[in-house]
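A.B. asks:
Protein chains: 2
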Amino acid sequence: MAAPWAHRYAQRTKTAKSSIIRELLKLTQRPEVISFAGGLPAPEVFPVARFQEACHRVLQTQASTALQYGPTEGYRPLRELIVAHMARYGILASVDNVLVTSGSQQALDLIAKLLINRGDRILVECPTYVGALQAFDLMGAEYVTVPIDDKGLQTCEMEQALRSGPKFMYILPNFQNPGGVTLSRERRDQLVSLSDKYGIPIVEDDPYGQLRYEGEHVSPLVVLDRTNLARDDGYKLGNVIYLSTFSKVLAPGLRVAWIVAPPDVIVRLSQLKQSTDLHTSTFTQMVVYEAARDGFIDEHVKLIRKVYKERRDAMLEALHDFFPPEVSWTRPQGGLFLWVTMPPGIDTRRLLDVALRQDVAFVPGDAFYPASGDPGSHMRLNFSNAQPEMIREGIRRLSIAVAHELEHRAAAVMV
Amino acid sequence: MAAPWAHRYAQRTKTAKSSIIRELLKLTQRPEVISFAGGLPAPEVFPVARFQEACHRVLQTQASTALQYGPTEGYRPLRELIVAHMARYGILASVDNVLVTSGSQQALDLIAKLLINRGDRILVECPTYVGALQAFDLMGAEYVTVPIDDKGLQTCEMEQALRSGPKFMYILPNFQNPGGVTLSRERRDQLVSLSDKYGIPIVEDDPYGQLRYEGEHVSPLVVLDRTNLARDDGYKLGNVIYLSTFSKVLAPGLRVAWIVAPPDVIVRLSQLKQSTDLHTSTFTQMVVYEAARDGFIDEHVKLIRKVYKERRDAMLEALHDFFPPEVSWTRPQGGLFLWVTMPPGIDTRRLLDVALRQDVAFVPGDAFYPASGDPGSHMRLNFSNAQPEMIREGIRRLSIAVAHELEHRAAAVMV
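As you go down the protein sequences, you meet chains F and Z in turn. Residue numbers are given in the numbering used here: position 18 of the first sequence equals residue 18, and the series is strictly consecutive. Count along the second sequence starting at 1, add 415, and that's the number in the numbering used here.
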């Protein structure tokens, strides 16, 4: 019997699709599967004792605030902590520039609600974060794409894209998801100049900025933005909305992230958040505040960097040892992912089926492109969630699947 | 200097307005103000020790799950607990019928995204919950309204409204917000018959169902729905989507609520939730599960009912003692609110200014009507958040403001 609701679904749901990544998460919960598919932090680095203490202290001393409704903008001491935390990376903001969100995914939902009319074009890197495409799709976005290379977004390719009048640019400058590449300082300067010249604002998504394993920190776009630097009227921040999160430096299960934007944009985003979920859990905000305070995060990320660097190195070494020479990959300086490019003609959805039979998983590249799909043959590999020896074993298994598909392709060509 | 972003805001934000209730919450945080404005539970009934234990147990035994990303549909043991909890109220559902949400406000956002195309008409009670209007407005809803009286929605007024083809009806049958009235059993039967006859589905919002202080429990619409009862194909639930929450029976600060709907609707709502916030905090879901299990809620609501009944009675008594005879009010059998009707011509926004000078607050009625505003002169009073003696004092102060405005009106009429 047909569902009585289906014919009532709104137009916008026609483009809503389940993320292959979240579907894969279910498939890969079999314990024998080594999964490079998710973007999961390592549970070994969750600061459990610190959270125990934080929960105890919050409920002991401030339960009637922590368990009650709270302000939509967020728990004020947490917003102050975020301001102080960002100042260390050169981002000069005040509490009025900060909105606490229920994870960065909610930040993308709110930004889409605020800025996207059906049919608006959004400039995105190609490939880009699948969750952003989902949030933008739902408000009816279309896309202008600019490719990335080892230095990030190819700014030399941008003028034509900007002339088509995109509503904003969505950019992941550090350890890009899925590419793993980092936008060079030179290109960041070019990007903020172009933003200023064409009057096209930037949404800068920076979930991994602190997770750098080698090389020098590069200033965020929100710091380099000239429209910000040029102002002397006390109006803070200019053409860039900046997003970051506690998910990768503390734990994702609490769903606490934030948006930095000019105060009038924060007011509008807060109004939208009211109708979206009233506010982020007061309790988790206060627990994050207690856990993060007194410089804990800066200490804790040293441990995370050490653990993830080992895992990145294990994956790079295993790829070098097991993968055939016609396959290449990026060498990320930080973050959680690397991006593998195979010879053209490999169907990575088919490859995934073969890999799953070997009990190893990855995300096929086409998830990370707007509707047109993957123009090449790519896979995204996550290296944060498995121990180094499991990473080596997983890459060995995956190399068998890759070899199988390369043979299949060769056979097809011969036929 | 003008904000560089304002001219980029999407069409839908033009209707987005800050809820007067949340703005009032800020104003009324002065400790000397007695506020009847919020819908805040009493912090005295938060089960703090139970939450302490729950946090400890979750982090002691399951930290790597609790702090990690989780499934969009929700933590499975919590979904099972919700199914068992609802069965005691006659709602027969399975886990596939349940989606955990970040508060009921998110349920309204997801339903709006799923069902509302710009210009669709939604049938709402008049007055109705302001948060629903905000969520529906954002997706471009228009409204058909049907008035309520002491027995709830006036079902005799509905046929004409239904003939205009609303997309769905949004109904609060128990202790309605803001009216405080409860839909009678007879009208519930009429309502589900009309829903079936016209093929117009119902969204049933039931945040307070367990908070009944007198009278008999009345079956929810989702139970009475004939399209559900008539089915024998194993496909569960029919024309009603049902919403409820842990906010009023445990604590709102955790932001955990749920949607009950046919499985295919749950699948679509889950896809929308993925792009909205990935999932509700794994940690708070597990803490709610640990706090709620083993029948704790049913024990705990006995305490809540006792405390809130005293407060309701204190407010009814004070209204009787202090308010002039030309003012009337509802006598709620449960929930958090009552609804006061004043003689025509009283401007309740002005009245609020006068009341705030007396250090007492309420919500003016026009917040609870679609764009056209309050056709009468109403105020919503919350009785759950203040102690009985403060309630009496607050109503005394409010009666001074009311008397002041009645005199002002009389003077204006004479001029």
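Virtual Cβ for every residue (Gly too), placed ideally from N, Cα, C.
Determine, for residue 402/F, whether the minimum Cβ-Cβ distance to residues of chain Z falls below 9 angstroms.
C.D. replies: Answer no: the Cβ-Cβ gap between residue 402/F and chain Z never drops below 9 angstroms.
A.B. asks: Given a cut-off of 9 angstroms on the beta-carbon distance, is the pair residue 597/Z and residue 622/Z in contact?
C.D. replies: Result no, Cβ atoms of residue 597/Z and residue 622/Z do not sit closer than 9 angstroms.
A.B. asks: Quick one, which residues of the region 61 to 75 of chain F are near chain Z if we go by CB-CB under 9 angstroms, in chain order?
C.D. replies: Flagged, chain order: 63, 64, 65, 66, 67, 68, 69, 70, 71, 72.
A.B. asks: Looking at the C-beta of residue 446/Z, does it have a partner C-beta in chain F at a distance below 9 angstroms?
C.D. replies: No, residue 446/Z lies away from the interface with chain F (no Cβ there is under 9 angstroms from its Cβ).
A.B. asks: Mind checking which residues open and close the alpha helix (DSSP H) that includes residue 257/F?
C.D. replies: It is not in any alpha helix (DSSP H) - residue 257/F instead sits in the beta strand (DSSP E) that spans 257 to 260.
A.B. asks: Looking at C-beta atoms only, is the number of pairs between the region 60 to 70 of chain F and the region 471 to 480 of chain Z that lie closer than 8 angstroms three or more?
C.D. replies: Segments in contact, no.
A.B. asks: Can you have a look at residue 507/Z and say buried or exposed, based on whether 16 or more other CB atoms are within 10 angstroms of its CB?
C.D. replies: So residue 507/Z ends up on the exposed side.
A.B. asks: I need the straight-line Cα distance from residue 553/Z to residue 14/F, nearest angstrom please.
C.D. replies: Approximately 19 angstroms, taken between the alpha carbons.
A.B. asks: Could you please tell me which residues of the region 521 to 541 of chain Z, in chain order, have their CB closer than 7 angstroms to any CB of chain F?
C.D. replies: Flagged, chain order: 521, 524, 528, 529, 530, 531, 532.
A.B. asks: Determine the DSSP secondary structure at residue 361/F, reduced to helix, strand or coil.
C.D. replies: If DSSP states are grouped into helix, strand and coil, residue 361/F belongs with the strands.
A.B. asks: For a minimum of 4 consecutive residues, which ranges assigned as the alpha helix (DSSP H) are wholly contained in the region 80 to 131 of chain F?
C.D. replies: Here the runs fully enclosed are 103 to 115.
A.B. asks: Tell me the residue span of the beta strand (DSSP E) that contains residue 149/F.
C.D. replies: Element bounds for residue 149/F: 142 to 149.
A.B. asks: Within the continuous beta strand (DSSP E) that includes residue 728/Z, where are the two ends?
C.D. replies: That residue, residue 728/Z, is in no beta strand (DSSP E); its alpha helix (DSSP H) goes 711 to 737.
A.B. asks: Looking at the secondary structure, which residues open and close the beta strand (DSSP E) in which residue 270/F lies?
C.D. replies: Careful: residue 270/F lies outside any beta strand (DSSP E), inside the alpha helix (DSSP H) at 263 to 277.
A.B. asks: Rounded to whole angstroms, what's the CA-CA distance from residue 769/Z to residue 793/Z? Just pull it up for me.
C.D. replies: So the alpha carbons of these two residues sit roughly 15 angstroms apart.
A.B. asks: Spatial neighbours of residue 448/Z within its chain, please: C-beta separation below 8 angstroms, excluding the five flanking residues on both sides.
C.D. replies: The answer, listed in chain order, is 442, 771, 774, 775, 776.
A.B. asks: Nearest CA to the CA of residue 753/Z: which residue from 759/Z, 766/Z, 730/Z, 737/Z?
C.D. replies: Nearest option by C-alpha distance: 730/Z.
A.B. asks: Applying the criterion that 16 or more other CB atoms from any shown protein chain within 10 Å of the CB defines a buried residue, is residue 801/Z buried or exposed?
C.D. replies: It counts as buried.
A.B. asks: Measure the beta-carbon distance from residue 129/F to residue 177/F and round it to whole angstroms, keeping in mind my assumption that it falls under 8 angstroms.
C.D. replies: Yes, they are in contact, since the Cβ atoms of residue 129/F and residue 177/F sit about 5 angstroms apart, within 8 angstroms.
A.B. asks: Considering only their Cβ atoms, is the gap separating residue 142/F from residue 171/F smaller than 9 angstroms?
C.D. replies: No, they are not a contact pair.
A.B. asks: Given this structure, state the Cα-to-Cα distance separating residue 363/F from residue 486/Z, to the nearest angstrom.
C.D. replies: Rounded to the nearest angstrom, the two C-alpha atoms are 17 angstroms apart.
A.B. asks: Is there a Cβ of chain F sitting closer than 9 angstroms to that of residue 692/Z, yes or no?
C.D. replies: True, the Cβ-Cβ gap to chain F drops below 9 angstroms.
A.B. asks: Drop a sphere of 10 angstroms on the beta-carbon of residue 1/F, count the other beta-carbons inside from all chains shown, and report buried for 16 or more, exposed for fewer.
C.D. replies: Because the pLDDT of residue 1/F is 39, which lies under 50, any placement of that residue in the model is unreliable, and the number read from its coordinates should be weighed accordingly. Exposed, by the Cβ-count rule.
A.B. asks: Taking the DSSP output, what are the residues bridged to residue 168/F?
C.D. replies: Answer is 122/F, bridged to residue 168/F.
A.B. asks: Runs of 4 residues minimum, wholly inside the region 578 to 627 of chain Z: which ones carry the alpha helix (DSSP H) assignment?
C.D. replies: Runs of the alpha helix (DSSP H) inside the region 578 to 627 of chain Z: 600 to 613.
A.B. asks: What does DSSP give as the partner residues of residue 341/F in its beta bridges?
C.D. replies: Bridge partners of residue 341/F: 328/F, 378/F.
A.B. asks: In the DSSP output, what is residue 34/F paired with across the bridge?
C.D. replies: Partner(s): 360/F.
A.B. asks: For the alpha helix (DSSP H) holding residue 479/Z, just list the boundary residues, first then last.
C.D. replies: Element bounds for residue 479/Z: 463 to 481.
A.B. asks: Using a Cβ cut-off of 9 angstroms (strictly closer), state whether residue 139/F contacts chain Z.
C.D. replies: Cβ-Cβ to chain Z under 9 angstroms: yes for residue 139/F.
A.B. asks: Can you list, in chain order, the residues of its chain with a C-beta nearer than 6 angstroms to that of residue 366/F? Leave out the 5 residues immediately preceding and following it.
C.D. replies: Hits under 6 angstroms: 373, 374.
A.B. asks: Are the region 690 to 701 of chain Z and the region 91 to 109 of chain F touching, with three or more C-beta to C-beta distances below 8 angstroms?
C.D. replies: Segments in contact, yes.
A.B. asks: For residue 8/F, tell me which candidate among 639/Z, 496/Z, 536/Z has the shortest Cα-Cα distance.
C.D. replies: Minimum Cα distance to residue 8/F is reached at 536/Z.
A.B. asks: Taking residue 624/Z as the reference, which of 727/Z, 583/Z, 504/Z has the closest Cα?
C.D. replies: For residue 624/Z, the nearest C-alpha among the options comes from 504/Z.
A.B. asks: With 16 other CB atoms within 10 Å as the buried threshold, where does residue 197/F fall?
C.D. replies: So residue 197/F ends up on the exposed side.
A.B. asks: Check the Cβ of residue 704/Z against every Cβ in chain F and list those closer than 9 angstroms, keeping chain order.
C.D. replies: Result: empty, since nearest Cβ-Cβ is about 14 angstroms, beyond 9 angstroms.
A.B. asks: How is the alpha helix (DSSP H) around residue 484/Z delimited, first residue to last?
C.D. replies: Here residue 484/Z belongs to no alpha helix (DSSP H), and DSSP marks it neither H nor E.
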